[in-house]
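Line by line, the protein sequences give chains G and D.
Under our numbering, the first residue of the first sequence is numbered 38, with each subsequent residue one higher.
Under our numbering, the first residue of the second sequence is numbered 38, with each subsequent residue one higher.
Report on the following structure.
There are 2 protein chains.
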Amino acid sequence: MTRLDLAAIESARKRIEGLVVRTPLVRLNAEDAPAEIFLKLENLQPTGSFKVRGAGNAVALLSPAERTRGVFTCSAGNMAQALAWHAKRLGIPCTAIVPDTAPATKLAAIRRFGATIVQLSCDEGYAPLKGWTFVHPFADPAMMAGNGTIGLEILEDLPNVDTVVIPFGGGGLSAGIATAIKAKRPGTRIYACEPETAAPLAASFAKAAPSEVHRIPSFVDGIGASSVLPEMWNLVRPMLEGSLVVSLKETASAIRLLVERNRVVAEGAGGSSVAAALAGKAGKGHIVCVVSGGNVDTEVLGKILRGEVP
Amino acid sequence: MTRLDLAAIESARKRIEGLVVRTPLVRLNAEDAPAEIFLKLENLQPTGSFKVRGAGNAVALLSPAERTRGVFTCSAGNMAQALAWHAKRLGIPCTAIVPDTAPATKLAAIRRFGATIVQLSCDEGYAPLKGWTFVHPFADPAMMAGNGTIGLEILEDLPNVDTVVIPFGGGGLSAGIATAIKAKRPGTRIYACEPETAAPLAASFAKAAPSEVHRIPSFVDGIGASSVLPEMWNLVRPMLEGSLVVSLKETASAIRLLVERNRVVAEGAGGSSVAAALAGKAGKGHIVCVVSGGNVDTEVLGKILRGEVP
Chain G
38 MTRLDLAAIE SARKRIEGLV VRTPLVRLNA EDAPAEIFLK LENLQPTGSF KVRGAGNAVA
98 LLSPAERTRG VFTCSAGNMA QALAWHAKRL GIPCTAIVPD TAPATKLAAI RRFGATIVQL
158 SCDEGYAPLK GWTFVHPFAD PAMMAGNGTI GLEILEDLPN VDTVVIPFGG GGLSAGIATA
218 IKAKRPGTRI YACEPETAAP LAASFAKAAP SEVHRIPSFV DGIGASSVLP EMWNLVRPML
278 EGSLVVSLKE TASAIRLLVE RNRVVAEGAG GSSVAAALAG KAGKGHIVCV VSGGNVDTEV
338 LGKILRGEVP
Chain D
38 MTRLDLAAIE SARKRIEGLV VRTPLVRLNA EDAPAEIFLK LENLQPTGSF KVRGAGNAVA
98 LLSPAERTRG VFTCSAGNMA QALAWHAKRL GIPCTAIVPD TAPATKLAAI RRFGATIVQL
158 SCDEGYAPLK GWTFVHPFAD PAMMAGNGTI GLEILEDLPN VDTVVIPFGG GGLSAGIATA
218 IKAKRPGTRI YACEPETAAP LAASFAKAAP SEVHRIPSFV DGIGASSVLP EMWNLVRPML
278 EGSLVVSLKE TASAIRLLVE RNRVVAEGAG GSSVAAALAG KAGKGHIVCV VSGGNVDTEV
338 LGKILRGEVP
């Protein structure tokens with residue numbers, strides 16, 4: 038598969054059906070919100086993020102020979118967990134290339150699913166993985182088609198959706214969901230969202246060209262890169278209204294609200310879409326916020342529940 | 038409706054469809070569990086507990102005249118929130134009779150849904166409610182039939198379920214779910230579960246008669262009464278294998294695990310079923326734990342996340 042289109046997304050859906058959770062779309066239980074806000078709860082997936090959809094599709098497309106050799110990715114986070122989870126399920130060797138700086142709690146989560154961890158820069162070659170299949174965390178058509186299945190489910194559950202807000206890291210989640218929704222309900226407004234500390238897509242929209250920003254590390258670590266890949270910019274630009282930028286404080290408040298009112302735990306990325314909608318940045322009407330994941334460190338969550346911004 | 042049977046539950050399901058969440062059944066993401074544990078996530082309901090099912094059914098059965106006069110219940114917790122939520126949705130006057138000792142945070146949650154709060158003992162009469170319809174929190178056939186819809190959904194999502202574990206307060210949740218499941222898959226083992234601090238059902242099984250215990254208040258406040266009503270004992274006794282008793286420590290650990298591995302927030306009652314299964318008390322095979330609700334105080338949750346037993 039090389040094209041990302043509705044047919045690819047529909048095929049992906051058949052491949053991953055029963056393997057991942059058909060996540061619920063629930064109302065945000067906040068009576069004073071500026072719009073009718075709905076939550077697409079991808080934090081309920083096994084491994085705690087939407088990444089199991091794309092990784093499940095990518096792994097299902099491997100040939101028997103490719104399965105025997107193994108798969109690898111560059112990630113210390115949600116992508117590594119998702120790929121490792123599917124690989125374990127199918128008995129496929131899996132390696133995660135992680136940066137030296139990856140925190141121990143994240144590495145423990147990857148190891149739980151049996152993946153081998155190699156600390157390297159992702160640009161370096163690594164001889165033992167010769168012949169293994171690389172699955173890119175976002176700029177991979179199979180990954181994006183898997184992500185697009187979220188869009189199909191949103192339209193089934195809320196046919197009159199007006200707006201969808203999607204956390205933006207590399208752009209694979211936005212590309213997949215927007216492709217599905219624009220194909221079936223072209224008038225839907227689709228926004229990306231980014232943290233104030235790392236918002237290269239917003240900068241790219243401002244300059245009408247893929248741009249780089251100075252990235253400040255924060256607890257919102259599932260999204261917020263320093264740049265947007267040109268190929269991803271070209272792909273998402275025609276489908277998105279823009280990128281909504283939210284503060285760390287808005288995001289922490291949204292995560293706390295999700296715990297207190299909807300009894301779900303979102304990570305920084307997952308809370309950012311809700312923060313954008315609550316701040317009125319996504320307008321009015323029926324707004325779906327994609328809660329992309331819930332892999333937040335327990336200590337960070339504790340701080341958020343005490344009203345602090347970690 | 039006066040009988041609790043499969044037909045009543047199927048009718049209830051039609052009445053509440055689209056009003057409440059068709060909650061997902063997800064795997065507990067713990068590789069080292071003693072069984073294949075699944076979670077029925079009733080904490081994702083609006084108002085954060087299963088009670089919206091029964092309350093929705095009870096309210097749908099009111100005559101126009103009854104709707105005009107109003108509804109009331111005796112509860113400072115999940116029942117009051119659920120009834121108030123439906124009443125607000127339909128413009129029905131609603132009053133919650135609460136004990137003097139009800140904490141302010143619980144009262145605030147009830148007020149959010151527009152109910153009037155009256156601080157009284159539930160045994161006292163209250164003249165202004167003459168003519169209003171009383172909806173009993175558990176020993177009401179319409180409530181129990183609504184609860185039973187959880188059983189239908191469990192069987193749809195996991196047809197080969199071996200065991201279901203259900204938090205036991207007054208018995209209405211157990212009666213509803215057990216009625217549905219025993220009608221359709223009689224070999225399924227159904228257990229109630231109770232906290233060590235208030236386990237009158239376990240005492241009743243031990244004495245083969247409805248019994249009273251000395252109840253110690255704890256953070257597990259959605260279940261754990263001091264006695265079992267004889268009518269509820271007669272109803273549930275033939276359908277249950279027994280009552281699994283869990284410690285506060287086991288329950289707090291289960292709640293923490295649910296946050297860390299499944300990204301959901303359970304209250305004490307909701308965590309107790311998971312605690313029972315994790316301790317191996319429900320045996321092996323495919324076990325469904327009903328996560329009955331998620332209305333835990335934020336400060337209590339913070340303590341649990343720090344490894345304390347609140």
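Even glycine gets a Cβ: it sits at the ideal position worked out from N, Cα and C.
For clarity, every value in this text was computed on a predicted model and none was experimentally measured.
When you compare only the Cα positions, how much space is there between residue i and residue j?
{"i": "D:M180", "j": "G:E336", "result": "39 angstroms"}
{"i": "D:E54", "j": "D:L98", "result": "14 angstroms"}
{"i": "D:K340", "j": "G:V311", "result": "26 angstroms"}
{"i": "D:D334", "j": "G:T216", "result": "41 angstroms"}
{"i": "G:L65", "j": "D:A44", "result": "33 angstroms"}
{"i": "G:G279", "j": "G:I253", "result": "21 angstroms"}
{"i": "G:F205", "j": "G:K286", "result": "18 angstroms"}
{"i": "G:A236", "j": "G:V202", "result": "15 angstroms"}
{"i": "G:L294", "j": "G:A67", "result": "8 angstroms"}
{"i": "G:A49", "j": "G:V58", "result": "14 angstroms"}
{"i": "D:L41", "j": "D:A220", "result": "11 angstroms"}
{"i": "D:H173", "j": "D:N184", "result": "13 angstroms"}
{"i": "G:V96", "j": "D:L338", "result": "38 angstroms"}
{"i": "D:L281", "j": "D:V296", "result": "23 angstroms"}
{"i": "G:D199", "j": "G:A212", "result": "18 angstroms"}
{"i": "D:M38", "j": "G:F175", "result": "With a pLDDT of 47 at D:M38, under the threshold of 50, the modelled position of that residue is not reliable, and the figure given next carries that caveat. For D:M38 and G:F175, the distance between alpha carbons rounds to 55 angstroms."}
{"i": "D:R300", "j": "G:Q118", "result": "15 angstroms"}
{"i": "D:L315", "j": "G:I214", "result": "37 angstroms"}
{"i": "D:E73", "j": "G:A240", "result": "47 angstroms"}
Along the alpha helix (DSSP H) that carries residue i, what are the first and last residues, could you check?
{"i": "D:Q118", "result": "115-127"}
{"i": "G:L357", "result": "Look at the range of chain G in this structure, 38 to 347, and you will see that residue 357 of chain G is not part of it."}
{"i": "G:A236", "result": "Counting along the chain, G:A236 falls outside any alpha helix (DSSP H), and DSSP gives it neither H nor E."}
{"i": "G:T105", "result": "101-106"}
{"i": "G:V337", "result": "335-342"}
{"i": "D:V311", "result": "305-315"}
{"i": "D:K51", "result": "43-53"}
{"i": "D:G350", "result": "Because chain D is modelled from 38 through 347, residue 350 of chain D falls outside the range shown and cannot be assessed."}
{"i": "G:G213", "result": "209-221"}
Assuming residue i contacts residue j under a Cβ cut-off of 8 angstroms, what Cβ separation, rounded to an integer in Å, is found between them?
{"i": "G:V328", "j": "G:N94", "result": "About 21 angstroms separates the two Cβ atoms, so there is no contact after all."}
{"i": "D:A303", "j": "D:I292", "result": "5 angstroms"}
{"i": "G:V325", "j": "G:L62", "result": "7 angstroms"}
{"i": "D:P247", "j": "D:P267", "result": "5 angstroms"}
{"i": "D:S86", "j": "D:G330", "result": "3 angstroms"}
{"i": "D:A139", "j": "D:A102", "result": "That pair is no contact at about 31 angstroms."}
{"i": "G:I191", "j": "G:K77", "result": "6 angstroms"}
In the DSSP assignment, what are the bridge partners of residue i?
{"i": "D:F75", "result": "D:R64, D:V325"}
{"i": "G:A229", "result": "G:I203, G:S280"}
{"i": "D:S264", "result": "D:E249"}
{"i": "G:G330", "result": "G:S86"}
{"i": "G:F175", "result": "DSSP output for G:F175 lists no bridge partner at all."}
{"i": "D:I292", "result": "D:I292 pairs with nothing; no bridge assigned."}
{"i": "G:I147", "result": "Per DSSP, none; premise fails for G:I147."}
{"i": "G:T132", "result": "G:F109, G:T153"}
{"i": "G:V301", "result": "D:V301"}
{"i": "D:T138", "result": "Answer is none; D:T138 lacks a bridge partner."}
Select from the options the residue whose C-alpha is nearest the C-alpha of residue i.
{"i": "D:T186", "options": "D:V63, D:A314, D:L56", "result": "D:L56"}
{"i": "D:L120", "options": "D:E345, D:V89, D:V155", "result": "D:V89"}
{"i": "D:R149", "options": "D:N197, D:A133, D:A235, D:A164", "result": "D:A133"}
{"i": "G:G208", "options": "G:S264, G:A164, G:E161", "result": "G:S264"}
{"i": "G:P165", "options": "G:V108, G:A102, G:V296", "result": "G:V108"}
{"i": "D:C111", "options": "D:K125, D:R104, D:A92, D:A102", "result": "D:A92"}
{"i": "G:D177", "options": "G:E103, G:P71, G:S290, G:M269", "result": "G:M269"}
{"i": "G:Y228", "options": "G:V283, G:D194, G:N332, G:L189", "result": "G:V283"}
{"i": "D:R104", "options": "D:N197, D:A117, D:E73, D:K125", "result": "D:K125"}
{"i": "D:N197", "options": "D:L210, D:I218, D:G128", "result": "D:I218"}
{"i": "G:D194", "options": "G:G224, G:N184, G:H323, G:C230", "result": "G:H323"}
{"i": "G:L210", "options": "G:E233, G:S241, G:I260", "result": "G:I260"}
{"i": "D:M355", "options": "D:D258, D:E345, D:G317", "result": "Outside the shown range of chain D, which is 38 to 347, sits residue 355 of chain D, and nothing can be said about it."}
{"i": "G:A145", "options": "G:G344, G:L342, G:N332, G:R343", "result": "G:N332"}
{"i": "D:D69", "options": "D:D160, D:T200, D:G317, D:K143", "result": "D:G317"}
{"i": "D:G308", "options": "D:N299, D:A289, D:T153, D:G320", "result": "D:A289"}
{"i": "D:R226", "options": "D:K321, D:R106, D:T60", "result": "D:K321"}
Counting only Cβ pairs nearer than 7 angstroms, list the residues of chain C close to residue i.
{"i": "D:G55", "result": "Among the protein chains of the structure shown, namely G and D, there is no chain C."}
Where do the N-terminal and C-terminal ends of the beta strand (DSSP E) with residue i fall, by residue?
{"i": "G:T153", "result": "153-156"}
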